[in-house]
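Engineer:
Protein chains: 4
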Amino acid sequence: MRHRDDTKVEAIFDATIQLVNEIGFAETSISKIAKKANVSNATIYIYHENKEDLLLKTYLKVKGKMSEKMFQGMDESRTVKERFESIIHNFVEFIQTYKEYFLFLEQIMNSPLPQKWCLDDTASLFQPIFEMFDTGKRQGLFKQEDVRMLIVYSILPVAELAKGHLKDGTPFNDQQLNAAIVMSWDAIKA
Amino acid sequence: MRHRDDTKVEAIFDATIQLVNEIGFAETSISKIAKKANVSNATIYIYHENKEDLLLKTYLKVKGKMSEKMFQGMDESRTVKERFESIIHNFVEFIQTYKEYFLFLEQIMNSPLPQKWCLDDTASLFQPIFEMFDTGKRQGLFKQEDVRMLIVYSILPVAELAKGHLKDGTPFNDQQLNAAIVMSWDAIKA
Amino acid sequence: MRHRDDTKVEAIFDATIQLVNEIGFAETSISKIAKKANVSNATIYIYHENKEDLLLKTYLKVKGKMSEKMFQGMDESRTVKERFESIIHNFVEFIQTYKEYFLFLEQIMNSPLPQKWCLDDTASLFQPIFEMFDTGKRQGLFKQEDVRMLIVYSILPVAELAKGHLKDGTPFNDQQLNAAIVMSWDAIKA
Amino acid sequence: MRHRDDTKVEAIFDATIQLVNEIGFAETSISKIAKKANVSNATIYIYHENKEDLLLKTYLKVKGKMSEKMFQGMDESRTVKERFESIIHNFVEFIQTYKEYFLFLEQIMNSPLPQKWCLDDTASLFQPIFEMFDTGKRQGLFKQEDVRMLIVYSILPVAELAKGHLKDGTPFNDQQLNAAIVMSWDAIKA
DNA sequence: AATGAATGAGGTTTCATTCAT
DNA sequence: CATGAATGAAACCTCATTCAT
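So the protein lines, in turn, are chains F, W, U and B. Residue 656 in my numbering sits at position 144 of the first sequence, and the numbers go up by one each step. Residue 680 in my numbering sits at position 168 of the second sequence, and the numbers go up by one each step. Residue 539 in my numbering sits at position 27 of the third sequence, and the numbers go up by one each step. Residue 651 in my numbering sits at position 139 of the fourth sequence, and the numbers go up by one each step.
#1: Beta-carbon separation of I599(B) and M644(B) under 8 Å?
#2: With burial defined as no fewer than 16 other Cβ atoms inside 10 Å of the residue's Cβ, what is the status of E618(W): buried or exposed?
#3: For the alpha helix (DSSP H) that E594(F) lies in, which residues bound it at each end?
#4: Which class does M513(F) belong to by DSSP, given the choice of helix, strand or coil?
#5: How about I545(W) and I524(W): are their beta carbons less than 8 Å apart?
#6: Whole angstroms is fine: what's the gap from E606(W)'s alpha carbon to E597(F)'s?
#7: I'd like to know whether the C-beta atoms of M695(W) and A699(F) end up nearer to each other than 8 Å.
#8: Which residues of chain F have a Cβ atom closer than 8 Å to the Cβ of I535(W), listed in chain order?
#9: What did DSSP end up calling F638(F) once you bin it into helix, strand or coil?
#10: Between G681(B), D658(B), I556(B), which lies nearest to Q687(U) when the distance is taken from Cα to Cα?
#11: Compare the beta carbon distance of I542(B) and F616(B) with 8 Å and say whether it is the shorter of the two.
#12: Using 8 Å as the cut-off, can you tell me whether the stretch 550-565 of chain F makes contact with the stretch 640-654 of chain W, which would need three or more C-beta pairs spanning the two stretches below that distance?
#13: Are the beta-carbon atoms of K575(W) and T634(W) separated by less than 8 Å?
#14: Measure from the C-beta of I556(F) to each C-beta in chain W and report whether the shortest distance is under 8 Å.
#15: Output the distance between the C-alpha atoms of P624(W) and I556(F), rounded to the nearest integer angstrom.
#16: Can you list, in chain order, the stretches of the alpha helix (DSSP H) that have 4 or more residues and sit fully within the stretch 623-698 of chain B?
#17: Residues of chain U with CB under 8 Å from P683(B), in chain order?
#18: Assuming M586(B) contacts P640(B) under a Cβ cut-off of 8 Å, what Cβ separation, rounded to an integer in Å, is found between them?
#19: Answer yes or no: does any C-beta atom of chain W fall closer than 8 Å to that of M695(F)?
#20: So, is the C-beta of P669(U) closer than 8 Å to a C-beta in chain B?
#21: Run through chain W and tell me which residues come within less than 8 Å of R660(F), C-beta to C-beta.
#22: Compare the Cα-Cα distances from E612(U) to each of D517(U), A702(U), A527(U) and report the closest residue.
#23: Under 7 Å Cβ to Cβ from N533(U), same chain only, skipping five residues before and after it: list those, please.
#24: Start and end of the alpha helix (DSSP H) containing K701(F)?
#25: State yes or no: is the C-beta of V664(W) within less than 8 Å of the C-beta of L673(F)?
#26: In the structure shown, what three-state DSSP assignment does F583(W) receive?
#27: State the Cα-Cα distance for the pair K679(B) and G652(B), rounded to the nearest angstrom.
#28: Given that V592(U) touches chain B, what residues does it touch there, using C-beta distances under 7 Å?
#29: Could you tell me which chain B residues have their CB closer than 7 Å to the CB of D698(U), listed as they occur along the chain?
#30: Rounded to a whole number of angstroms, what is the C-alpha to C-alpha distance between K573(W) and I620(W)?
#31: Could you pull out every residue in the same chain whose Cβ sits closer than 6 Å to the Cβ of M513(F), ignoring the five residues on either side in sequence?
#32: Is DSSP giving V551(F) helix, strand or coil here?
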């Protein structure tokens, strides 16, 4: 057995993500992925059981990357506010740098696939967010609401704004970002 | 000449929406739609040029329905706060009553299709929201930010919460909704 | 019963011939014919049993037209040579005036359809040619060969030349036609 | 990698030609070709881009075969008359041996396809005919007419006669062929 | 007579996947 | 490991034809 050729594996992942973004999830076929990745159709089946498995693995990889970037340089000893701002900045940075990863995720997450896959484990990837909000709640900084609610009012809107700028091509500048952070904070603060 | 059978047209729309929700956009084929709608494959092509056209028309229909429900009973003479709460209540009502319409929209809007279709006109469907926020800004009730930002911090989170409850089957009760409205208001108020 | 609407019948014939010439026999469908003729699909079935019947009738009509034009002004009392030249001139005139009729015939006659239809009767349409050649043979003007052979060496080449000019768009002038007639005569003369 | 199976490629060509002859160009479908060739529909698309491409390639192949057979054993040092007779005999031989190839060609060439394909290069396949006639003209053997005219009066009629015998099943014997050659010669000789 | 509506059958093409090298 | 060849199944769409008005 020769060893796994990571160049090809990577090329397949990239081609998948690009195609899903360019032509959509529904139009993305194995043949098209193979062609874009410059490998044979059959090669894809060496690394992935079938099409759905390829999608699942790509999804997990991308979600892992997002988690990694989101908590990059996170220091548990910092204050809640500092951690809050770090996460948001990192998130926006991720969305802008890995534009295609982000849009790929949005497309998959709004399809019935994740429910079919029953992925509870992915929540753990975002554990630091939960911890940060829990701490904040205990310190009386945040409203005593469900953490999902705090997320939906503080992080989601920033992502949505960044997505909007991504789609219409306009830049999401610091001034706008700071205004957003203020609104996030206003929404969730006690 | 046989007369146009609107039952069939309606059945095709419904089948499309249901299937996109059940098995996803990618797996929804004309054959499956036809079978579910109890019509022949060919019948679909009498009313729609091709598969994409069917999706586009379904999308527009559903978006129209959402707009209609969202501003039902809207009274321009009411205060901004009353209008704000009316919209949010109507929206949540819509999401819960027309669950499948809402999830269908989410799936389409997160695919590359809308960009391909270049639909600027659909923004006009939500004109009353823009007017409400503009009035509120002029009255000094809201932060002097772009209306899109106000929307993203007040309406979007509610939709996201409702969607979450839809997906995990738990009810979205009045207490939760009121807490959400408070957060929305906190986020955007001046 | 209302009376037969010859406008529509004619429009259907014309559309059929035009389409067969434009896009070919294989691509010509009832729907396309109906659209080009500005009638409903179903209207075609009032006048023709089915698609093949439509083609057969169109073929017979066109072949009849060709025969009619070919022997227009033919005078049985004229000399064989005069009749010979009259036929050739008429034929060339027909090909150039009814270009589409002629090319339609060529397409049908080189398909397996005529054999399927077993049309012996159409030979009778060209009786005057046979008579002319028979008379010529009896008068010792022509070679004592089968009349089909005489036709193939005198009339067919002219048709082929005319067709060539039709297809590449160059004119088939009198000088060329006369040269052709000389060659025809040389080929068959005793 | 499985190696290219030329048996299949050949079977597809043969099935195409046979079907076009049996049921006609218009009724010849990919499915029928695949069934007759004992391959899957999809296999055809490995070797041919689409149906039209299959037809074009089949056409070119058959035309090449015809050219090859037509000039088999041609010796440029022989006299014009010898070359002339060689070509005609070879052509008749081809028509009779490769009956289906010939009838396939006739059907395609009388459809609008060749014009759509803009094939100028195929003329070069018949270069030796042009050369033979040019030499004959220079030697004063033939009339000083366009070579196409000489072809149309000497070779085409023989083909037409052979085709006639093919279609009604009667043999085209040597005596008839010789009579035809005499007429060909009479038509074009100076 | 005329036609829009409707459809089962079948068209071309692409799909996801497996096989043999 | 890698891949071109191969394919059954199914995709989208159009066909010829019939029906009800």
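The beta carbon of each residue, even a glycine, is placed where N, CA and C say it ideally should be. Remember, it's a predicted structure, so these values are computed and weren't measured experimentally.
Structural biologist: With the structure as the only source:
#1: Residue numbering aside, residue 599(B) sits at position 87 when the fourth sequence is read from its first letter. Residue numbering aside, residue 644(B) sits at position 132 when the fourth sequence is read from its first letter. Yes, these two residues count as a Cβ contact at 8 Å.
#2: Here residue 618(W) refers to the residue found at position 106 when the second sequence is read from its first residue. Buried, by the Cβ-count rule.
#3: Counting from one through the first sequence, the residue named residue 594(F) turns up at place 82. Residues 592-609.
#4: If you number the first sequence from 1, residue 513(F) lands on position 1. Unreliable positioning characterises M513(F) in this predicted model, as indicated by a pLDDT of 46, which lies under 50. A coordinate reading is not provided.
#5: Translated into positions along the second sequence, residue 545(W) becomes position 33. Translated into positions along the second sequence, residue 524(W) becomes position 12. Going by C-beta atoms, I545(W) is nearer than 8 Å to I524(W).
#6: For the purposes of this step, residue 606(W) is taken as residue 94 along the second sequence, with counting starting at 1. For the purposes of this step, residue 597(F) is taken as residue 85 along the first sequence, with counting starting at 1. Contrary to the premise, residue 606(W) reads as Phe rather than Glu in this sequence. Going by the C-alpha atoms only, they are around 34 Å apart.
#7: As a first step, residue 695(W) is located in the second sequence; it is residue number 183 there, counting from the start. As a first step, residue 699(F) is located in the first sequence; it is residue number 187 there, counting from the start. Yes, they are a contact pair.
#8: As a first step, residue 535(W) is located in the second sequence; it is residue number 23 there, counting from the start. Near I535(W) (Cβ distances below 8 Å), the residues of chain F are P624.
#9: Taking the first residue of the first sequence as 1, we reach residue 638(F) at position 126. DSSP places F638(F) in helix when its eight states are reduced to three.
#10: Translated into the one-based positions of the third sequence, residue 687(U) becomes position 175. Taking only the C-alpha atoms, the option nearest Q687(U) is D658(B).
#11: As a first step, residue 542(B) must be located in the fourth sequence, where it is residue number 30. As a first step, residue 616(B) must be located in the fourth sequence, where it is residue number 104. No, Cβ-Cβ distance for I542(B) and F616(B) is not below 8 Å.
#12: no
#13: Counting from one through the second sequence, the residue named residue 575(W) turns up at place 63. Counting from one through the second sequence, the residue named residue 634(W) turns up at place 122. Against a cut-off of 8 Å, the Cβ pair of T634(W) and K575(W) comes out as a contact.
#14: The residue labelled residue 556(F) in the question sits at position 44 within the first sequence. For I556(F), the answer is no, since every Cβ of chain W falls outside 8 Å of its Cβ.
#15: On the second sequence, residue 624(W) is found 112 positions in, with the first residue counted as 1. On the first sequence, residue 556(F) is found 44 positions in, with the first residue counted as 1. Between P624(W) and I556(F), the C-alpha separation is close to 25 Å.
#16: 625-629, 639-650, 659-666, 668-680
#17: Here residue 683(B) is taken as the residue at index 171 of the fourth sequence, counted from 1. Neighbours of P683(B) on chain U: none; closest Cβ ~14 Å, over 8 Å.
#18: Here residue 586(B) refers to the residue found at position 74 when the fourth sequence is read from its first residue. Here residue 640(B) refers to the residue found at position 128 when the fourth sequence is read from its first residue. M586(B) to P640(B), Cβ: 6 Å. Contact.
#19: Translated into the one-based positions of the first sequence, residue 695(F) becomes position 183. Yes, M695(F) counts as interfacial toward chain W.
#20: Sequence index remark: in the third sequence, residue 669(U) carries index 157 (1-based). Closer than 8 Å to some Cβ of chain B, the Cβ of P669(U) qualifies, so yes.
#21: Your numbering for residue 660(F) matches position 148 in the first sequence. The answer, in chain order, is L673, G676.
#22: Within the third sequence, residue 612(U) is the residue found at index 100, counting from 1. Taking only the C-alpha atoms, the option nearest E612(U) is A527(U).
#23: Translated into positions along the third sequence, residue 533(U) becomes position 21. The residues are E612, L615, F616.
#24: In the first sequence, residue 701(F) corresponds to position 189, counting from 1. Element bounds for K701(F): n/a, residue is neither H nor E.
#25: In the second sequence, counting from the first residue as 1, residue 664(W) sits at position 152. In the first sequence, counting from the first residue as 1, residue 673(F) sits at position 161. A contact, by the Cβ cut-off of 8 Å.
#26: What you label residue 583(W) is simply residue 71 of the second sequence in a count that begins at 1. Of the three classes helix, strand and coil, the one that applies to F583(W) here is coil, per DSSP.
#27: Taking the first residue of the fourth sequence as position 1, residue 679(B) is located at position 167. Taking the first residue of the fourth sequence as position 1, residue 652(B) is located at position 140. Each residue's alpha carbon lies about 37 Å from the other.
#28: Taking the third sequence and counting its residues from 1, the one referred to as residue 592(U) is at position 80. Neighbours of V592(U) on chain B: none; closest Cβ ~18 Å, over 7 Å.
#29: For this step, residue 698(U) is matched to residue 186 along the third sequence. Under the 7 Å cutoff, chain B gives D698, A699.
#30: The sequence position of residue 573(W) within the second sequence is 61, counting from 1. The sequence position of residue 620(W) within the second sequence is 108, counting from 1. Their Cα atoms are separated by approximately 13 Å.
#31: For the purposes of this step, residue 513(F) is taken as residue 1 along the first sequence, with counting starting at 1. Note that M513(F) scores 46 on pLDDT, short of 50, meaning its location in the model is unreliable; the coordinates nonetheless yield the value given after this. Closer than 6 Å at the Cβ level, and outside the excluded window around M513(F), lies no residue.
#32: Along the first sequence, read from residue 1 onward, the residue named residue 551(F) stands at position 39. Reduced to three states, the DSSP call for V551(F) is coil.
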